[in-house]
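The structure under discussion appears below in the form of structure tokens.
Number of protein chains: 2
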Amino acid sequence: MTQIAHALVLRRRPDGEPDPSDFDMVEQAIPTPAAGEVVTRTIWLSIDPYMRGRLADRKSYAPSVQIGEVMTGESVGEVIASGDPAFAVGDIVSGARGWQTHVLSKAAALAPIPKGQAPLSAYLGVLGMPGTTAYSGMKDIGRVKPGETVVISAASGAVGSVAGQLAKRAGARVIGVAGGPDKCLWVQETLGFDDCVDHRTMDLDAALSDACPQGIDVYFENVGGVVQQAVFPLLNNFGRMVMCGMVAQYNDASFSAGPNLGAVVGKRLTIQGLIVSDKPERFAEWRNLASPWVAEGSLKYRETVLDGLENAPKALVLLLRGQNFGKMLVRVGADPE
Amino acid sequence: MTQIAHALVLRRRPDGEPDPSDFDMVEQAIPTPAAGEVVTRTIWLSIDPYMRGRLADRKSYAPSVQIGEVMTGESVGEVIASGDPAFAVGDIVSGARGWQTHVLSKAAALAPIPKGQAPLSAYLGVLGMPGTTAYSGMKDIGRVKPGETVVISAASGAVGSVAGQLAKRAGARVIGVAGGPDKCLWVQETLGFDDCVDHRTMDLDAALSDACPQGIDVYFENVGGVVQQAVFPLLNNFGRMVMCGMVAQYNDASFSAGPNLGAVVGKRLTIQGLIVSDKPERFAEWRNLASPWVAEGSLKYRETVLDGLENAPKALVLLLRGQNFGKMLVRVGADPE
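One line per chain: the protein sequences are A and B, in this order.
If you read the first sequence in this note's numbering, its first letter stands for residue 883, the second for the next number, and so on.
If you read the second sequence in this note's numbering, its first letter stands for residue 883, the second for the next number, and so on.
Structure, rendered in structure tokens:
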């Protein structure tokens, strides 16, 4: 077991697509916890689209990472030293703890994870922030009714795959949009969506129009760009756009124009943005609701895993290119025995 | 008193700005009511921006007027013959009855108007559809909180003037956008808005930014175009856009692009469309709420009146150009003695 902690710090802000050389690996002593603190070793690190925003010097809903700071991110880890009675050595916890092998945290900032119920990585994906995002988006904005048509972009991704399965459970006709035949096949055959449109190879306008003969009632937006352009004209009266992300433009320095909003009046559309942390109560609600579904295998998910903290930047690059398949993760340390 | 009824029918669909020659004046016999029907003479005809949509052969929330059909519109009239016990000769009523001097209506389609409480024209403006639109937009979408900053476009118009006064009553800082110094002066001095930006003479981006040092929490959208472009970047986190109309583009054959929607995610914006008839219960709610305010003079409004049914097309042209000042009306017949 390593006795030195490693961390990835931001070296320079990427111009366009991030590059692994934008980060520096630094060595640190493994810290010792004071009262109320806990030290963990990282097992799984979550890689998510929002991270591109943290690298930019752009005003956003959360502060940017500063040059020389450890890159932010959620992870699951094992307690190796505890100064707080709430946690014992060997406990498994999750939290927003950054791209590092060992983390000193306030005990209050950590959430305990039960052992033996689901693979630990699931607490960063289907049962964690992305799953909760899909749940909150559907519950608070989408409000899908039986028989409605729901379109999910990035349908095989960590958020989209859950959003679409929730729409199916709500009785909707669900159409995915994904990149490539493998993802589309999985979305239809494993996730059980009614159809999936490949935005890379098909005429998107025609394919979406064919897949949605009754128009679109709810669009769960993860990508923006050409997919949004194709979806928007198909929205029905009282349609809802759950605005979760627009990953297609996250590497862009300037953003292209959006749809003319006249249709928002005539069709009484609702276009509403979502940041999962605004409703923190949704995290526990979702974990309680979805854990049995994961245990019984009725809520499906998929992961792409890179090994080693040093591959975290590469994982982010692949994610932003859409070259992941399901939840993007970095395995930083071994699962506990 | 004329013994012949007149009506304006659509002669051809306007290309761009409507022209009075797009309508034909036709003569009709004054009808006789059957059981359950009522005949009225029109006193006031309402001219509203949505009417441009009815002239287009474009799919919208309501059917287009067909060539040769009487142009649609709300009016206030006096019962001159009744086949229904609910209405007597001399009663004053309102309804969606078209551009004509005499109207045969089903009794059930008419709403009685009380005599002696407010000028009859007010039931087409501040107490009617435009006032109800402002009320519903603020109640159902805007949800203004004390201390928030609210921007109202077309601030001196029939909807905007009420929306802004409601925002003031809710304790907000209210900024109007209007065309020309006369309107801006009236918006500030008579309506009591905190400030008003003249979109015709000022640098709109700079003027709005100066007028909204705390950003914008609610934007009541009546115009679209350059005003929307200037407002959008100033919206705060959790900002709301009440999408009531985009009159600046109603004469356009094709619509320009809108804002990039990435900010909807990061700022958790809500952009929501409003058609007042979707919540019909708001009409009576609003009339009950606002009638005492109109009677006591605490809810202000202003009207532009053209005389004669033949001037209805001209009134619509002027309205779409923003050359009205307050509610646009056509006086078709004399007030009752």
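Built from N, CA and C at the ideal position, the CB exists for glycine as well.
{"query": "At what residue ranges does the region 1058 to 1143 of chain A contain a whole run of the beta strand (DSSP E), taking only runs of 3 or more?", "result": "1077 to 1080, 1098 to 1103, 1117 to 1125"}
{"query": "Count the other CB atoms within 10 Å of the CB of B/M883; is the residue buried (16 or more) or exposed (fewer)?", "result": "Residue placement at B/M883 cannot be trusted, given a pLDDT of 48 that sits under 50; what the coordinates show is reported in the next sentence. Result: exposed."}
{"query": "Taking just the CA atoms, how far does B/G935 sit from B/K1132?", "result": "Going by the sequence as given, residue 1132 of chain B is Tyr instead of Lys. Roughly 7 Å separates the two Cα atoms."}
{"query": "What are the residues that DSSP puts in a beta bridge with A/S987?", "result": "A/V920"}
{"query": "What are the uninterrupted segments assigned as alpha helix (DSSP H) that are 4 or more residues long and contained completely in the region 1144 to 1217 of chain A, given in chain order?", "result": "1144 to 1148, 1163 to 1178, 1194 to 1203"}
{"query": "Taking only the alpha-carbon atoms, compute the straight-line gap between B/R1203 and B/V1033 and give it to the nearest angstrom.", "result": "21 Å"}
{"query": "Cβ of A/L986 within 7 Å of Cβ of A/E919?", "result": "yes"}
{"query": "Cβ closer than 7 Å: which chain A residues qualify as neighbours of B/F1137?", "result": "N1142, G1144"}
{"query": "What does A/T1152 reach in chain B if we use C-beta pairs closer than 8 Å?", "result": "T1152, I1153, Q1154, G1155"}
{"query": "Mind listing the chain B neighbours of A/Q1131? Cutoff is C-beta to C-beta under 9 Å, in chain order.", "result": "N1142, G1144"}
{"query": "In whole angstroms, give me the CA-to-CA distance for A/N1206 and A/S903.", "result": "20 Å"}
{"query": "For A/F969, which residues of its own chain have a beta-carbon under 8 Å away from its beta-carbon, when the five flanking residues on both sides are left out?", "result": "V920, V961, V975, A989, L992, P994"}
{"query": "Mind pulling the chain B residues with CB within less than 9 Å of A/Y943?", "result": "N1119, V1147, G1148, K1149, R1150"}
{"query": "Quick check on B/D1022: does DSSP put it in helix, strand or coil?", "result": "helix"}
{"query": "Alpha carbon to alpha carbon, what distance is there between A/A917 and B/S1091?", "result": "48 Å"}
{"query": "Please determine, among A/R893, A/E899, A/Q885, the residue with the shortest C-alpha to C-alpha distance to A/L1200.", "result": "A/E899"}
{"query": "Taking the alpha carbon of B/L1083 as the point to measure from, which residue in B/C1066, B/G1097, B/F1075, B/D1076 has its own alpha carbon closest?", "result": "Sequence inspection shows Thr at residue 1083 of chain B; the Leu mentioned does not correspond to that position. Closest option to B/T1083, Cα to Cα, is B/C1066."}
{"query": "Does the separation of the CB atoms of A/T1031 and A/C1078 fall below 7 Å?", "result": "no"}
{"query": "Quick one: list the residues of chain B neighbouring A/M1210, beta-carbon separation under 8 Å, in chain order.", "result": "Those within 8 Å of A/M1210 in chain B number zero; the least Cβ separation is about 19 Å."}
{"query": "For B/C1126, go through chain A and note every residue whose CB falls closer than 9 Å to its CB, in chain order.", "result": "V1147"}
{"query": "In the structure shown, what three-state DSSP assignment does A/R1272 receive?", "result": "For chain A, the structure presents residues 883 to 1219; residue 1272 of chain A sits outside this window and is missing."}
{"query": "How many whole angstroms separate the CB atoms of A/G950 and A/P915, which I take to be in contact at a CB cut-off of 8 Å?", "result": "Wrong, their Cβ atoms sit about 24 Å apart, outside the cutoff."}
{"query": "List the DSSP bridge partners of A/V908.", "result": "A/A889"}
{"query": "Hey, how far is the Cα of A/P945 from the Cα of A/Q982?", "result": "19 Å"}
{"query": "CB B/Y1183 to CB B/G1007, shorter than 7 Å?", "result": "yes"}
{"query": "In angstroms with no decimal places, state the Cα-to-Cα distance between B/G1058 and B/T1072.", "result": "12 Å"}
{"query": "Spell out a yes or no on whether the region 1167 to 1181 of chain B and the region 1178 to 1198 of chain A are touching, meaning 3 or more CB-CB pairs, one atom from each, closer than 8 Å.", "result": "no"}
{"query": "A/S1159 and A/N1104: beta carbons closer than 7 Å?", "result": "no"}
{"query": "Using 7 Å as the threshold, is the C-beta distance between B/A1040 and B/K1209 below it?", "result": "yes"}
{"query": "Report all residues from its chain with a CB closer than 7 Å to the CB of B/A1045; omit the five preceding and five following residues, and keep chain order.", "result": "A1016, G1019, M1020, I1034, F1102"}
{"query": "In chain C, which residues lie with their C-beta within 8 Å of the C-beta of B/D1160?", "result": "Chain labels in this structure do not include chain C; the protein chains are A and B."}
{"query": "What did DSSP end up calling A/T884 once you bin it into helix, strand or coil?", "result": "Residue confidence is low: A/T884 scores 49 on pLDDT, short of 50, so the model does not pin down where it sits. No coordinate-derived value is stated."}
{"query": "Could you check whether A/Q1154 and B/T1152 sit closer than 7 Å to each other, using their CB atoms as the reference points?", "result": "yes"}
{"query": "Look up B/V1044 in the DSSP assignment and give the residues it is bridged to.", "result": "Beta-bridge pairing links B/V1044 to no other residue."}
{"query": "Shortest alpha-carbon distance to A/A1145 belongs to which of B/K941, B/A1037, B/E1167, B/K1027?", "result": "B/K941"}
{"query": "Counting C-beta neighbours from all protein chains within 10 Å, is the total for B/A1054 16 or more, i.e. buried, or is it exposed?", "result": "buried"}
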